[in-house]
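Just so we're aligned: 36 in the working numbering is position 13 of the sequence shown, and the numbers increase by one with no gaps anywhere. The beta-carbon is built from N, C-alpha and C at its ideal position, and this holds for glycine as well. Please read all numbers here as calculations on a predicted model, not as lab measurements.
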Amino acid sequence: MRTVAEGCGLHIDCGGMTLCPFHNERIPSAKIYPDNLHCFGCGVHVDVIGFTQKIFGLEKPIDAVKKLNEDFGLNIEIGKAPTTKEVSEYQKRVQEKHEYEV
Ligand SMILES: [Zn+2]
């Protein structure tokens, strides 16, 4: 979330706060969380995809995904279903992460 917000020109302070891009303010009231942005001023709550959609005025989430994919060089093949191997590798990573965190 932080990478995308900074990529869109938001300045994030050491407390993770930033000026809300969705309403006018002089004191930062939007907080950047690892996977979302929440504004305590206007109440906006968006994840990376919702944020991109809102900032660029994109109608559909898939358009935001495509934009992020291009802008950040994620090399995701959109429209292609993941292979069984990719899915099991992903599940393995999630499992490992979970074990690490416990
Ligand atoms: Zn706001």
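* **Continuous alpha helix (DSSP H) assignments of at least 4 residues falling wholly in the region 36-103** => 71-79 and 84-94
* **DSSP three-state assignment for G30, whether helix, strand or coil** => helix
* DSSP on T106, reduced to helix/strand/coil? -> coil
* Asked: Okay, do the region 27-35 and the region 71-81 touch, 3+ Cβ pairs below 8 Å being the bar?
  -> yes
* **Whole-number beta carbon distance between K83 and I101, since they are thought to touch under 8 Å** => Their Cβ separation, rounded to whole angstroms, is 12 Å, which puts I101 and K83 out of contact at 8 Å.
* Could you tell me the distance, in whole angstroms, from the CA atom of F45 to the CA atom of E93? => 23 Å
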